[in-house]
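Residue numbering for the sequence shown follows this note's numbering, beginning at 30 and increasing consecutively.
Ideal Cβ placement from N, Cα and C applies to all residues, glycine included.
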Amino acid sequence: MTALTSSDSVRSLAAARPEVRGKFLWQDGEKLPIRGVTYGTFEPGPDETGYPEQSVVELDFDAMAAAGFNCIRTYTPPPRRILDAAWERGLRVLVGLAWEQHVSFLSDRKLAASIVERVRSGVRACAGHPAVLGYAVGNEIPSTIVRWHGRLRVERFLERLHKAVKDEDPNALVTYVNYPSTEYLELPFIDFVCFNVFLESPERLRAYLARLQNIAGDRPLVLTEIGLDSRRHGEEGQAASLEWQVRTTLAAGCAGAFVFSWTDDWYRGGYAIEDWDFGLTDRERRPKPALFAVSNVFEEGPFPPDDECPRVSVVICTYNGTRTLEETLQAVAELDYPDYEVIVVDDGSTDGSAELAEQFWVNVIRTENHGLSSARNTGLAAATGEIVAYLDDDARPDPHWLRHLALSFVRSGHSAVGGPNIPPLDDGPVAECVAHAPGGPIQVLLSDEEAEHIPGCNMAVRAHDLRAIGGFDTVFRAAGDDVDVCWRLQESGLTIGFNPAAVVWHRRRNAVAAYLRQQRGYGRAEALLERKWPQKYNGFGHVSWGGRLYGSVARHPLGRRPRINYGKWGTGLFQRIYHPPPTSLHSLPLMPEWPLFVAALAGIAALGSLWDPFAFAGIPAALLTLFVLVEAAVSAVRAPLRSRGRSRVRRIAQRLLLMCLYVLQPIARLGGRLSYGLTPWRMRGRKKFALPRPRSAEVWSEHWVSAEDRLEILEEGVRGDGTAIVPGQAFDRWDLEACGGMLGAARLRMAIEEHGSGRQLVRFRIRPRLTRVATCLVVAVGGVATVAALYGAWKGAVVLAAVCAALALRALLEAAMSTAALLRGVQRQHDLAEHELRAELQRRLVVSSRKKVATRV
30 MTALTSSDSV
40 RSLAAARPEV
50 RGKFLWQDGE
60 KLPIRGVTYG
70 TFEPGPDETG
80 YPEQSVVELD
90 FDAMAAAGFN
100 CIRTYTPPPR
110 RILDAAWERG
120 LRVLVGLAWE
130 QHVSFLSDRK
140 LAASIVERVR
150 SGVRACAGHP
160 AVLGYAVGNE
170 IPSTIVRWHG
180 RLRVERFLER
190 LHKAVKDEDP
200 NALVTYVNYP
210 STEYLELPFI
220 DFVCFNVFLE
230 SPERLRAYLA
240 RLQNIAGDRP
250 LVLTEIGLDS
260 RRHGEEGQAA
270 SLEWQVRTTL
280 AAGCAGAFVF
290 SWTDDWYRGG
300 YAIEDWDFGL
310 TDRERRPKPA
320 LFAVSNVFEE
330 GPFPPDDECP
340 RVSVVICTYN
350 GTRTLEETLQ
360 AVAELDYPDY
370 EVIVVDDGST
380 DGSAELAEQF
390 WVNVIRTENH
400 GLSSARNTGL
410 AAATGEIVAY
420 LDDDARPDPH
430 WLRHLALSFV
440 RSGHSAVGGP
450 NIPPLDDGPV
460 AECVAHAPGG
470 PIQVLLSDEE
480 AEHIPGCNMA
490 VRAHDLRAIG
500 GFDTVFRAAG
510 DDVDVCWRLQ
520 ESGLTIGFNP
530 AAVVWHRRRN
540 AVAAYLRQQR
550 GYGRAEALLE
560 RKWPQKYNGF
570 GHVSWGGRLY
580 GSVARHPLGR
590 RPRINYGKWG
600 TGLFQRIYHP
610 PPTSLHSLPL
620 MPEWPLFVAA
630 LAGIAALGSL
640 WDPFAFAGIP
650 AALLTLFVLV
660 EAAVSAVRAP
670 LRSRGRSRVR
680 RIAQRLLLMC
690 LYVLQPIARL
700 GGRLSYGLTP
710 WRMRGRKKFA
720 LPRPRSAEVW
730 SEHWVSAEDR
740 LEILEEGVRG
750 DGTAIVPGQA
760 FDRWDLEACG
770 GMLGAARLRM
780 AIEEHGSGRQ
790 LVRFRIRPRL
800 TRVATCLVVA
810 VGGVATVAAL
820 YGAWKGAVVL
830 AAVCAALALR
840 ALLEAAMSTA
850 ALLRGVQRQH
860 DLAEHELRAE
870 LQRRLVVSSR
880 KKVATRV
């Protein structure tokens, strides 16, 4: 054996070290799946290194390579002879850096300092060696120790160790090995996320891996310990369990896994462990059935056979996209999938996009410029695949993108599936700031595996389901069409899945002006969505997502602190962190109406010439402006921007730019929404009015219908007019509330009398009302007007009185419109023929059945 002792040879080989790209590890331009096994710890031998003799090591590594493993994980820094032997056999080493993580290590400054120095020494011994996969700066710090010191102190210490590793080996990958009891540790500085997970149920492991993928976000997830004790479960039981554990791990989109462990020969705490047998080989290095099972699963991979993969139509819509289209088409041509076609829809480009696309083996369709939704419908009409996968012309898919999407469709009943869209690493400093600014394309998850919304830049849909709902709504020309499709699919009783491994690299805008134009377009799309889906929006005209945003940076840094569920006395097995939802105060700065509100206060302050107290409005205006600037600054400082290779001046410039984007983004969205009318002063629904007074109505029915179905049919009918409807909750005496705007509404209460043989008398009561916002505004403005009059400031009093009267009149008009909307809903129940009512109930039954089937699958 020739040891790698030449510094020149090591330096040349070190250039091929692995790197992180999105959810996976890569090496030399190819994906590096981790097929690993743990090695050690062993009884110290004559050389006191904690590793076996070299002949034993070489035999072990030969057997590992023959079984298809490409990585090993150690728990202590290996000597160079171990690294040399691993490199010669194509094995990479995840180096564990051992220290006293089981004690209160932060209670003694000298101990903490010595840990840092020992970590440096361990890295220094391995630095630059090509066999090094990366370094683990810790392994399973006990939850009691983390609870004792506090989460933040432990996180800061791990970051200190991370920096120490980077100082000694700058190009190395660094991670920390966590486990379920401290999954709440937030470590954004590590390169990839590692967890030790021992679960003996396939369903539980699959569900927990989906959760861990969302914790990992856009970084790779690696399981650094999975396994089963053959002493208690038998060797055949161990083999069967490890087979599904590895298969489930790979199918969940993990970057790889380490099986615990290579051999039953295990030494810990000064003693040989004799009562556990987790090894793939026994203490004499004889293979167990588990070794062959794991080897076969690693060789087969997670994907279904080619003949079981559905045909996919990849649709790329482009408009003047020559800058990025070639890169996209090149990546699509290199997809690893057995049966797919590529359709490029050129939406009236003038820059030669169609000519560029025709150079590739794709179907190019030219149309006039009708907008993005129309182009997507054109692609759908031409698609021959069972699945239609949409991709933007500035998005580059991962080579296994279609494989992961198809896997989700094959193993679930989802109608649509999406995945992460990650900014490329070479996008430039401006695009990186845009990627961390608010308003980007992002998934909204209802659970770890089900989504409420997936962006159109990475959206795959079953073709027959998309055609069944009529495709994309062409009213959305540039944005919002994906949100509309997701809501319509869910309204039809279908579900949307999310696969964290179905990655596309999506370029962000590389200029501030382009970003602001994009946000103005998003503002227009939001206004259109609010008109079409008023029930999805609150009284201020902002969407109320039912799920949570995936992988988003902190948008409310000054909000309430997260809380950790430690369990009683810190004994919880899965201790989780809970981020309280932002308060209304912390949500306001990202709303487009916020700049207008601050401007209104400044305008009131400018009226100080009419009445001196008006000038005091400048104080809250200044405080609110300061609040926005401070929150934007904190968000910019906390954003995980890349800093390696950039001067301090450039890093500060990036943070300042990101801060400006936080401030400018709501203003840009405001510009887009103004052309459609902002919700707070726009009436929502048909401009039909009824005198806003209490009303009662009755409907006689010869056909029995449940109260829930009657209310839902009434609710859908009123929403069809564009009126926002809010259903009553458990503690409300009313059943439905129609909101004509921010100031006026009307509530409906229903009672049903049963008269036998299925006959019913349905009673409705409608009561108009002013909202709390209207009441507070009218009382406040009226009170100030009265005070102004008492002090003789007649000009100010007249202005305030006029404002108060306008608010009151507007509130009455909105209440009148809400009353009319509810009356139309009641009248529709009265006019609905019996056969039409039965048909509506049958439709609702079909939708409910589809939801149950999707949930069961």
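query: Identity of the residues DSSP links to valine 533 by a beta bridge; result: Pro426, Asn450
query: Valine 791 to glutamine 758 span [Cα, whole Å]; result: 21 Å
query: Contact set for proline 331: own chain, Cβ-Cβ below 6 Å, skip 5 residues either direction; result: Leu279, Ala280
query: Alpha helix (DSSP H) runs contained entirely in the stretch 175 to 262, provided each spans 4 or more residues; result: 180 to 197, 231 to 245, 259 to 262
query: Reduced DSSP category for glycine 700 - H, G, I as helix; E, B as strand; rest coil; result: helix
query: Extent of the continuous beta strand (DSSP E) run through alanine 753; result: 753 to 756
query: Under the three-state DSSP convention, the category leucine 838 falls into; result: helix
query: Aspartate 306, buried or exposed, once every other Cβ within 10 Å from all chains shown has been counted against 16; result: buried
query: Per DSSP, the bridge partner or partners of lysine 60; result: Trp55
query: The stretch 782 to 790 contacting the stretch 730 to 749, beta-carbon criterion three pairs below 8 Å; result: yes
query: Short Cβ contact (9 Å threshold) for glutamine 683 with cysteine 462; result: yes
query: Within 9 Å, strictly: CB atoms of alanine 96 and serine 259; result: no
query: Leucine 686 versus Arg549, Ala542, Ile633, residue with shortest Cα-Cα distance; result: Ala542
query: DSSP state of glutamate 766 mapped onto helix, strand, coil; result: strand
query: Own chain, CB closer than 7 Å to alanine 583, minus 5 neighbours either side, in chain order; result: Per-residue confidence for alanine 583 stands at a pLDDT of 42, beneath the threshold of 50, marking its modelled position as unreliable; the derived number appears in the next sentence. If we look at alanine 583 and ignore the five residues flanking it on each side, its Cβ neighbours are Ser664, Arg667.
query: The stretch 339 to 347 touching the stretch 286 to 295, judged by at least three CB pairs closer than 8 Å; result: no
query: Closest by C-alpha distance to arginine 605, when choosing among Glu59, Pro107, Glu215, Thr204; result: Glu215
query: For phenylalanine 90, the residue or residues it bridges with in DSSP; result: Its beta-bridge partners do not exist; DSSP assigns none.
query: Candidates Phe53, Met488, Tyr296, Leu120: closest to proline 81 by CA position; result: Tyr296
query: Start-to-end residues for the beta strand (DSSP E) that takes in phenylalanine 793; result: 789 to 799
query: Pair within 9 Å by beta-carbon distance, arginine 149 and glutamate 197; result: yes
query: Minimum C-alpha distance to glycine 485 - residue among Ala92, Glu741, Pro449, Lys317; result: Pro449
query: Residue of Asp380, Leu431, Leu495 minimising C-alpha distance to arginine 407; result: Looking at the sequence itself, residue 407 is threonine, so the reference to arginine does not match. Answer by Cα proximity: Leu495.
query: Continuous alpha helix (DSSP H) assignments of at least 4 residues falling wholly in the stretch 611 to 691; result: 613 to 616, 623 to 635, 647 to 667
query: DSSP-derived helix/strand/coil call for arginine 590; result: coil
query: Beta-carbon contacts of leucine 806 that lie in its chain and below 6 Å, excluding the five residues immediately before and after; result: Leu836
query: C-alpha gap between leucine 228 and glutamate 48, whole angstroms; result: 29 Å
query: Classification of aspartate 304 by the beta-carbon crowding that lies within 10 angstroms, buried from 16 upward; result: exposed
query: Histidine 856 classed as buried or exposed, judged by whether at least 16 other C-beta atoms fall within 10 angstroms; result: Position check: residue 856 holds glutamine in this sequence, whereas histidine was assumed. Glutamine 856 comes out exposed.
query: Outcome for proline 199 when other beta-carbon atoms lying within 10 angstroms are tallied against a minimum of 16; result: exposed
query: Phenylalanine 287 vs isoleucine 101 beta-carbon contact at 9 Å; result: yes
query: Other residues of its chain near tryptophan 273: CB distance less than 6 Å, five sequence neighbours each side excluded; result: Pro231
query: Member of Leu474, Arg440, Leu358 whose CA lies at the smallest distance from the CA of alanine 424; result: Leu358
query: Counted within 10 angstroms of its Cβ, other Cβ atoms place tryptophan 823 as buried (16 or more) or exposed; result: exposed
query: Pair within 9 Å by beta-carbon distance, tyrosine 213 and histidine 191; result: no
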